[in-house]
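Residue numbers (this note's numbering), protein chains in the order written: chain A, 1 to 454; chain B, 455 to 738; chain C, 739 to 1474; chain D, 1475 to 1649; chain E, 1650 to 1868. Beta carbons are placed, not taken as given, at the ideal position from N, Cα and C, and that holds for glycine. This report concerns only the one structure given below.
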Amino acid sequence: MGKDIREDIAWAQINKDVLKSLESPRRMYWVILFIAIAMIGVAVGSEVYQYQTGMGVSNKNNSHVWGLYIATFIFWIGMSHSGTLLSAILHLMHADWRKPIYRFAEAMTTFSLMTAGLFVLVHLGRLWMVYYVMPYPNERWVWPNFQSPLVWDMFAIATYLSSSVLFLYVGMIPDLAICRDNIHAGWRKKLYTVMSLGWEGTDRQWRNFRITYLTIACFLIPLAVSVHSIVASDFAMSNMPGWHVTSFPPYFVAGALYSGCAAIITLFIILRYVFKFEEYMTLPIMKKLVRLTFAIAMVWTYLNLIEFASVWYGHDQTAKDQLIFKATGPYAPFFWAMIFFGSILPLMLAFKRFQTHLPILFIVSILLNVGMWLERWMIIAPSFAHGHYPWTWDHDQWPSLVQWGIVFGSFGWFTLLFMVFCKVFPSVSMYEVKEMVYHRSLALKHKPAVKGDY
Amino acid sequence: MSITNLLENWSDFRQQHPSDERPHREYKWAMSIDLDSCTGCNACSVACYAENNLPVVGKEKFAHGHSHHWIRIERYWDNDGREFADQGAQFLPMLCQHCESAPCETVCPVGATNHTADGLNSQVYNRCVGSRYCNANCPYKARYFNWYDYPTTDNVWPEPMNQQLNPDVTVRGKGVMEKCTFCVQRLTVAKSNARSAGRSVLDGEVQTACQQVCPTGAISFGNLVDPLAKVGKQWMTQQVELNKDKQAKDAEEKAVKLRGYRILEELRTYPSVMYLEQLRESAI
Amino acid sequence: MIENSFNRRGFLKVLGWGGATVALSGCGNTSVEDGKEFVTSYVQTADYIIPSIGTYFNSTCAQCDAGCGIMGRVREGRVLKLEGNPKSSINNGKMCGLGQAGVQAHYNPDRIREPLLRNGDKGEAITWEKALGLINEKVGGVKAENIAFLTGGVSGHVKALLKNYLDALGSGHHYVYEAVAPSIMRAANKKAYGIEMPRLRLDKAKVIVSFGADFLGAWISPVHFSQQYARFRKADNGERGVLVQVESKMTLTGANADRWLAIRPGTEGILALGLINALAAAGLSVPGDVAAVVKEYTTDRVSKDTGVSTEHIGRLAALLKERSPSLVIAGSAAEGYAHGSQNATAIALLNQVLGNVGKTVEAPSSVPFPQMAPATGNRLALQSLNDNVAQDKVKVLFTYGVNPVFTAPASMKLKENLKKVPFKVVFAHYMDETALEADLVLPLNSALEDWATAMPEYVAEGAQLNIQQPLMEKLYPGTLGMGDILLALLKQRRPDEYKGYEDFYSYLRSAMVSNKGALGGLATDDDTFWDATLSHGVVKLAGTPVNMSGSPSAKGLVVPGPFAEDSAYPFHLIPAVSASLRDGRNANEPWLQESPDPLTTIVWDSWVEMHPKTAAKLGIVEGDIVEVASRSGAIKAQAYVFTGIHPDVISVPLGNGHEALGRYAKGIGVNAFKILDSVFDKETGELAMHETRVKVSKAGQRVVIVKDEGPAGGNQMGRKIAVRMSSNKVNLSGEV
Amino acid sequence: MSKRHLLALFNDFDEAVAAIAELRGSNIKGFDIDDMILKSPIEHPEVEEVLGDKPVNVQWFTLVGACMGGLLAFFLVASAQANFFSQIKGGKPIVPLPPDFVLTYEMFILGGVFITILGFLICAGLPAKRSPLYSAKVSEDQIGILVKGDESALVAFKTIFVKHKALEIQEEARK
Amino acid sequence: MSMLSRRQSNCLLGELLTMYCFLRFSILLVGLIVSAGSYAVSAAQPLTTADDLGPKVEQPIEFPHDRHAGDAAKGGMQINCMYCHTYARRSIVAGIPPLQKCIGCHQNIESVRETPRIKKLFEYWEAKKAVPWKKVHDLPDFVRFNHERHIQRFVFAQNKPVQEACGYCHGDVKTMTVARRQKPLSMGWCVSCHQKDHPVDATSTKTTHGPNDCWQCHK
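Written as C-alpha cells, this is what we have:
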C-alpha cells in the first residue's frame, strides 16, 4: 500500500493547490448551483403551501403524526456526526491521516445541522409560534417544558451547532491567514482579513491554539454522543412500541457515525475529482476511511441486531408485534432494503479491491446513506402504524408530495451551502497537511523506511 | 424566580404525583364507563361534536385519518374464526383518559399540556406549537390534531351553522392539538357556582356532554374525592385505585369477579377512566 | 319561572340582541382589538336571561317520530345545544345522536329561505301572500276529492288543523305515509292483542327474544328502549336480563345481544312456532289448538329450515321456560316479507304462550283527545296515492314531512306519475327530491323555531302531549310554520271561525288554555297554566288503560316454509334502517354523516354488507365496488365483509343516495329504496321490504372504504382493550 | 530608548531553532528573550521548546466556563420549573432531576466551549493588529523570527541570523 | 488579564494559587450572574404588564361615566357600578344594562330629557333596537375571565369598595366619560396578580393566591 501522502510535496505547492480550489468556478458549478437553488425552490414552495393550508397537506394523520420530516431530521443530524468523528476523535487519537479530509467533513457537520434544524421548523403545526420552545424570560412566567426531549434537542442542537461552527472556524483561522496572504484584492481579501483575526502564526498563537483545539475536541466528543443520544431519546423516552428500546442511544450514535462516514466517502470522491485533490485525498486515506466505515457498519449492524434481539427475547408482546409488523407488514420492502443497504452491502467494503475503487465506492456510499435514511423512516412510520392501540392502526400513510418536496429540497439546501463553502473557504486544511508532511518526513529521517503497509 | 423559593420548597418540588403524600384535595374528576350498558349508539360522540365545536371534516379528510371525534366508539369482534359474530360486538367509547401520569404531558416541548389541580389533563390551545409529540406518546391515541384550518374551510361551519358554536369553547385553528376536556367549561361553571354557594360541587351537579346524553346511562362522571359521588363508589366497589398499576383485586382468585379495569394499565399511566367489563350470558 | 309580564312570545320579539356575537377566531394569535367587537345588549330582558349563561327552554324533538322531550340551551339569542328534557317520560333527559343533530337541521345552510314557484326548470321566489293566494285559487278550481294531502305521521294541533282544512275543502284525501314504519307489526298486534302499539316493558323482562327488532337503534322509540334496556341489564330485576336477537342481518341491538342467531331470511315465524313446540314439550302449558298447529315444528325441522342449530333452539327454549317473564318482540326484519303478517302473528303467539301479555306486554293508555292522536303512516298510503295519481284522480297534491320521490321504489314510477298532477305543493325544509318536482315549494320553519304540539305513538307511561316551542327567533323571515300555513289556509275557507287568531301561536294558546281542565291545569289561571306548560315542555294527560285481549290462538296461522332457491337472484336484500339516517330525511346533517355506523364504522357513504363466505364465493374483498341488481334495478356500492350477516343475505343501508337535499347529502352513497321489488304483504298489502331478491357481481373497481376502524378491523390483538366476561361470574347486585 | 523590530525568515527549521538558541545564549544587550516571537506556518511544539517554558492558560477559562454553564443551567432550569406556577407534568416531580441533568450537561459543554474560545482569543491576543514586520512566507513554508531590540542590538541579531542561513531579513524602518 | 500572558514562575505553589484564584473568581461570577438575573427578572416591569392605555372607542352614545358614577363633589351621582353592570356578580361578564334600565330612570328625569344623548337613547327605545355598544375590554376568544369570581372574592368576601375592586382592572372609570381601557389585560398582567397573596376575607390573616392551572383561564 502506498503512502497516505507524499512527504516531499512542497509546502508552497500545498498552498497553491488548495487555493486553486477557491478560484472562479467553472460553468458546471453554476449549473449545479442553479439546480440546488431550484430544489430549494421546490421545498420553499411546498412549505409555503403547507404553512398556509395546514399540516394536513403532508398527508400525516391522527395516528401517524410524524413523518418524513422527523425521519429526515434524524438523518441530517446523523450526517453531522462524521465531522466530529474525523476532527475530534481522530485528532485525539493522533490519526494524522484525517488531516487532509477533516475540513470538509466539519463543514458537512455544520451544514447538516443547519439543514436538520429546518426540519424541526417545517414539522411544527404552528411554525409561527416556534419561539415558545425557547426559554426566554417573560412576564407570563411561562417556560418551555424542560422535561420534553424536544427541548433537550433544542438545547443539544443549539450547543452542537454553535460548538461545531466555532470548532470549524477556529480550526480554519491559520488557513484563513494563508488566504489573506495570498489573495490581494476584492471582497475576499476583506473577508479573510477580518476572519483571520490577525493571525500571524506566532508561537503564542500556536501554543494557545493547540490547547484550545484539543479542549474543544474533547468537548465535542461527549457532545456529539449526547446529541444523538438525545435525538434517540425523542423516541426511547416515549412509550411507543418499537421506540422504547434501551439500546436506542448507542444505536443512533452508531447510525449517525455510519451515515456520516458514508457521506464523507461520497464527498471525498466528488472533491477529489472536482478539485483534483489526488495528492491530498489519496487512495490510502480512502482505504482507511473505508475500513473505518466498514467497522462502524458492523457496529451498527450489531446494535441493530441487539435491538431486535432484546425486543424478541423481552416479554413485551406489543414491541414484538411491532417488530413482526416491520418485517412482514406493508413496510417490509423498506425494512429489508434497510437491512440490505445497511448491513449486507457494506460487506463489500471488506474486500481490498473495492476499498480503492472509487466509482464503486461512490455508488455504495450513496446506497449506504439511502439505507440509513430508510432506517430513520423505519423507526418513524411503522411504529406509528402499529402502536399500542389496535383501533388506530393504520396502513394508509404514504407521505404526500409536499413532504417529499421538502425532503428533496433539503438536499438542495445542503448542496448549496456546501458548494458555497468550497468556493469561499479552503476545503483542505493547508496548515495541517503541512504538519502531516512535516511529521512524516521527520519520521522518515529518523527511522528507516518501513517496507510494506503501515 | 428566586433561588430561595427553590431551596425552601425543594422537598415539595420533588414529590411525585399521584402519591399518597400528594392527593387531590378538592376535586379529582374521574369517569367510569359500563361496557355492559354501552350499546354503541354513538349519541355521546355526536353530543361531543355539539358541545365542543368539533369540526366535521368530510369524507375525504376522514379517509386520510383527519377526523375529530374526542370520544369515539370502537367496535371489536371476537376474532376467533367463528362463522358468525354470535356474541355480538364489544363497543368501547374511547376518550382522553386524563391519566394521572400522562405520557403526553412530559413530552410537550412548550408545556401546553399540564395536569390541573383537579386531576385533569389540560390542553392549552394557544400555547400549542403543534409538534404532535403528545399524540405520538399517547398510548390511547385519543388526541386529535387540527390538520387544516377548519374555521375557514368550506362547509365545516358555513353560515349560519357557525351560530351553533359554543362560545364557552375555543374554536381551534390549524396546527393545534386538541382532545377531550371532560367538558371543562361545564366543570368550571359548576365549581364557580359551588364556590359562590360556599360548598363543593355536588355529585350529579355537573355532567359531561357524553354522560348527559347517554341513553343507557353507561357513563358516570364525578369527583373521586367526594365520598358521596357515584363514580367514587364505583371505583371503590370495583377495587380500582387511581395510583395503582396492578389492582389488588386482580391478584385474587375468587368465584365472584369484579368488572372494573383500566385500559393499558401496565403502561403506568394511571388513567382516570375506569371501564366495567362487558358481560355475556353463558346459559345461551 | 317566567314572568307574566314578559311572556315567551314577548321574549322572542323584544329581545333583539345587538351586534354579532358569533366569533370564529379561535386559538390563533388573535389580535385583541378594543372597540371592534360588539357587546351583547338587549332592549329589554328578563331576570332569567343573564349574558353568557345559557337559558334552557323545553321543546320536542322533531328528528324522528319518537317524540322525545328536548331542552335547548339558548345563549345570546342563539340555540347552542339540545339536551334531553328530564320531564319527558319518553327519554327522561336522554337523547340519541339523531336528536342532537337537530341543531344542524335548524342551522342548515341548505334550508329554503322563501317560497318558490316553478318557472320552467327554476324556482322563482314569491311572497307568501301570493303563494297562499295561488293555493286558494288552485284548490278552489278542483273538486275536493281531487285534492290529496300526503304527510308523514302527524299529531297534535297541526293534525287537528289539517283535518279541519280538509273538511273545509270538502274532505280531500289525507294519505299518511311513512317510508319505514312497523305497520305490519301494528296490524299483527291489533289482531293478537287488540291494540296496535302495546307498551313493551323491557325492564321487567328477564329474557328478551327479539326477532329483528332494532329497539336500541332505529325502532319506534330507541332512546326510551335504551333506557329500559339499561335497567333490564342491571340487577334491578333480580338478575341480569338475557337478550337473544334472531335476525339475518345484525342490527345495533343484535350487536348487543348475549346471543345473536343468524337465521335464514323469512323463517322467523318457523322458529317462533318451533320454540312454542319445544316449550310445550318442556312442559309449558300451551292451548290445545296451538299445540296442534305447532306439533309439526320439531326442533330438527326448524333447525333445518331456519339454519339455527338445534342446540341453540333447545337452550333458548330452556331459557324462556326457566326465566319468566320474558318478552318476545317482532321487529321489521321478521315482517318484511310477503308472509310478514304470519311471521308477526307467530311471534305474537309465542309471547302469548309464554304468558307475557299483561306482564311485559302492557296495554297503553287511551288518548283523551282523539283528534290529536297520532295518525300513523304506512307504505300502503303511498301505494294508493300513486294509483290515484296514475289514474289522474289527483289534481292538487300537498306534501308535508315526507320525501316520497326519494323513498318510493323505482318500480312504482312515482316520479313519472307525479308529472300528471297539475299542481303540486310541497312544504319542505330543503329542496329535496320531492320538492324538485313541485310547482310550489313552501319553506317551513325549523323545528327549533316553530310552535306545535305532538303526541307520540309510543308513550312510556300514561298519555302525554308534547309542546314544541321556538327556541330562538326565526333565522329567515321567509319561512313559516306548518301551523301558521294551515291557519292561513283555513282563514281562506272559514274566515269567521279563525279570524280571531292572529297566528298559530294564539290559536295554540287559546286551544290549550281553553282545555286546561283536561290538561291538568284546572286550578290555575290561564297565564300560570300556559307558562307552566311551556316550561315543562310536556303535558301529562290522564289516560285510562285500554283493554288487551290475551288469549293465544293459532286460528288461521299458516307460516310458509323457507324460500326456494332462486338461481338468477340468489340473495335476499335487506335494506337496513340506520339509527342516524333513518329514511333519509336527516341525510343533510353532517354530524350524522360523519358519525360512524356502529357496526361497520363506515362514514359518508353507503355499502353492501355480506358474509365472508358469500364474498369468498363471489371473489369479492372489502372495498370492491359491487353491483347489486334486483328485478327492478341495480345499484353500485362498495362491499363490506363481516360475519354479522347471514350468507344468504346482502344488506344495504337506507338513507343515503340523495340526488338533491343539500351539500352534505347530495351524491353521497346509493339509494337502496330504488331497487326494491313490488312484493306486498299478503294480509296488509304493505310493501314487503325484505322480499327483494338480488344478484351481486363485481363492478371491477376497488376503493379504500372510509371508516373509523383501522386495518386491525376490530381485532384487539390481545391487548385487553375491551374486556368481556361471563355474567355468572359477577355479582351485579353488589355494584353501585 | 527606541526599540526596533527585525524579522528573519528561515526555511530550514533546524537552523531557525539553532538561531533562537543562540539568541538566548548570546545575552545581547537591549534585548529581552521574551521580546522574541516565532512565526511559523504550522503548529510546531518542538521548535517552541527553545523559547522556554511559556504557560498556557486557556484551560482555566475552560474550567470556569464549563462550571458556570452547568451551574447556571441547573439553577435556571430548576427555578424556572419551580416558578412555572408549579405545573405538574406526567406525574413527575415539579423539579425532575434526570431531565435537568441532561440540560446541565449540555450547558456545561456549551459554557465550556464558549468560554474556551473566549480564553483563546484573550490568551492568544486575538484579534490582533498586524505586527510591524510580517511576511506572507511564514504562512507558506518559512519560519520567521521576530525580535525587538535596541538599535544597538540589531547588528548582533543580523549576525546571528545570517550565520544560520536566514533567507531574508526585514528591518523595521527607523522611527 | 495582562497578568495571564505574563510568564509566571513555574513552581507548584504558583499553579495552586492560580487555580484558587480562578475557582474563587468563577464562584463569584456564577453567584453574581444568578443573583443579577434573579433580581432583574423579578424587578423589571415587563412591557405587557405596564399600564397601557387602550384606544379611544367610538360609542353610539357617549356615555358619561363621570356623571353617573363620579364623586358627589365633582357633580357625580355615585351610582354603584353594579347597579348597571348588574351581571358582574353572577356571570362571567359584567354586561351592559338593557335599554329598559336606562329608560327606567331617564323617563322620570325631565331635566335632561331634551339633551342630544338622551334623545338618541329614546330613539333607540322607540325603535326597540338595542344600542350597539362596542367592547372596550376585549379578551381573546380562548380566554375565560370570570367577573363573578372576582367580585365575590374582593367585594363580598373581602369587603373592598366596589369601585376599588372594579377599578383594579378597569381603571378609574368614574372619572371617564366613555370608558377606555387602562390596563393591558395581558396574561402576564393577570398572572402578576394571581401570584400575589391576598387575604381570604376582610378579617382573616389567612391568604391565598389566585388559581394557577391553565384551564382556569384558558378554554
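Alpha helix (DSSP H) containing residue i: first to last residue?
{"i": "Ser1248 (chain C)", "result": "1242-1252"}
{"i": "Ser1841 (chain E)", "result": "1836-1843"}
{"i": "Lys515 (chain B)", "result": "513-517"}
{"i": "Gln205 (chain A)", "result": "203-236"}
Per DSSP, which one or two residues make a beta bridge with residue i?
{"i": "Tyr729 (chain B)", "result": "B:Ile487, B:Tyr715"}
{"i": "Thr1191 (chain C)", "result": "C:Ile1205"}
{"i": "Phe776 (chain C)", "result": "E:Lys1783"}
{"i": "Gly810 (chain C)", "result": "C:Phe795, C:Leu820"}
{"i": "Asn677 (chain B)", "result": "B:Trp483"}
{"i": "His962 (chain C)", "result": "For His962 (chain C), which the question treats as bridged, DSSP gives no partner whatsoever."}
{"i": "Trp152 (chain A)", "result": "Bridge partners of Trp152 (chain A): none, in fact."}
{"i": "Gly1623 (chain D)", "result": "D:Arg1478"}
Starting from residue i, find everything on chain B with Cβ-Cβ shorter than 8 Å and list it in chain order.
{"i": "Val1444 (chain C)", "result": "Lys513, Phe516, Ala517"}
Where does residue i land, buried or exposed, given buried means 16+ other C-beta within 10 angstroms?
{"i": "Trp611 (chain B)", "result": "buried"}
{"i": "Asn767 (chain C)", "result": "Residue placement at Asn767 (chain C) is flagged as unreliable, the pLDDT there being 42, under the threshold of 50; the coordinate-derived value follows with that caveat. Flag for Asn767 (chain C) reads exposed."}
{"i": "Gly1456 (chain C)", "result": "exposed"}
{"i": "Thr1145 (chain C)", "result": "buried"}
{"i": "Leu1009 (chain C)", "result": "buried"}
{"i": "Arg1604 (chain D)", "result": "exposed"}
{"i": "Met1510 (chain D)", "result": "buried"}
{"i": "Thr1857 (chain E)", "result": "exposed"}
{"i": "Met93 (chain A)", "result": "exposed"}
Which residue marks the beginning of the beta strand (DSSP E) containing residue i, and which one marks its end?
{"i": "Lys1374 (chain C)", "result": "1371-1379"}
{"i": "Phe1805 (chain E)", "result": "From DSSP, Phe1805 (chain E) is part of no beta strand (DSSP E); its letter is neither H nor E."}
{"i": "Ile742 (chain B)", "result": "Because chain B here runs from 455 to 738, residue 742 (chain B) falls outside it and cannot be looked at."}
I want to verify the contact list: residues of chain C whose CB lies under 7 Å from the CB of residue i, in sequence order.
{"i": "Thr392 (chain A)", "result": "Gly1448"}
Rounded C-beta distance between residue i and residue j? I'm assuming under 8 Å.
{"i": "Arg924 (chain C)", "j": "Thr1098 (chain C)", "result": "The Cβ separation is near 18 Å, so there is no contact."}
{"i": "Arg734 (chain B)", "j": "Arg1462 (chain C)", "result": "6 Å"}
{"i": "Leu113 (chain A)", "j": "Tyr102 (chain A)", "result": "The pair is not a contact, with the Cβ atoms about 16 Å apart (cut-off 8 Å)."}
Quick one: which chain A residues come within Cβ less than 8 Å of residue i?
{"i": "Leu733 (chain B)", "result": "By Cβ distance, chain A contributes nothing, its closest Cβ being about 22 Å from Leu733 (chain B), past 8 Å."}
Would you mind telling me which residues of chain E sit closer than 8 Å to residue i, beta carbon to beta carbon, in chain order?
{"i": "Trp141 (chain A)", "result": "Gly1837, Val1840, Gln1844"}
What does residue i touch in chain D if you count any residue whose Cβ is under 7 Å from its own?
{"i": "Glu559 (chain B)", "result": "Lys1563, Gly1564"}
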